[in-house]
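Take a look at the structure set out below.
In the numbering used here, the protein residues as written are 4 to 195.
Right under this line is the structure:
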């Protein structure tokens with residue numbers, strides 16, 4: 004929870020990265036399961052909750068995992084633009100990130116992500132059915148932590164913009180940060 008509102012843009016950006024890093028480490032953090040938006044194959048927005056697996060503030064890289072048979076994989080293959088949204092009601096902090104995603108299933112990034120995954124996480128990819136497949140009844144939970152490797156994919160998100168919003172009773176604060184190839188291109192306070 005943010006106790007003293009950041010007074011500078013640098014402090015606001017540091018708070019954003021700290022919240023994302025905490026989301027990786029603490030499964031109870033609101034930023035552990037942000038909402039990922041992709042462009043659906045029909046052109047409509049497509050949203051889903053994901054688990055934040057890795058954050059690198061220096062490179063602006065986030066990692067999530069997915070089943071390579073999922074709709075989001077097809078959507079990202081067709082259009083890699085993404086947005087990520089998280090809100091922590093206790094801290095009254097909202098983060099909105101926008102950038103591009105790359106898919107990894109048969110490379111060193113995917114192998115490292117698979118190796119770092121817990122067995123319980125690995126089992127989710129061992130289901131016989133593609134995510135979203137209609138079924139007559141709920142399927143049995145998979146029991147093989149290694150049987151899902153063929154369905155596993157790592158998604159690497161690199162964001163080019165970050166919108167930080169703190170809902171503070173003493174006065175809301177909002178900032179936007181954008182990056183280009185040389186680093187921070189723009190950082191500004193915004194009207195909330």
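We put the CB at the ideal spot given by N, CA and C, even for glycine.
Within a 10 Å sphere around the beta-carbon of residue 187 sit fewer than 16 other beta-carbons, which makes this residue exposed. Bridge pairing for residue 187: 182 [DSSP].
Of all alpha-carbon atoms in 99, 185 and 60, the one lying nearest the alpha-carbon of residue 17 is that of 60. Cβ neighbours of residue 132 within its own chain (closer than 7 Å, five residues either side excluded): 138 and 142. Rounded to the nearest angstrom, the gap between the Cα atoms of residue 26 and residue 165 is 16 Å. Within 10 angstroms of the beta-carbon of residue 104 lie 16 or more other beta-carbons, which makes it buried. For residue 158, the closest C-alpha among the options 195, 168, 174 and 87 is that of 87. Annotation for residue 161: the continuous beta strand (DSSP E) segment containing it runs 155 to 169.
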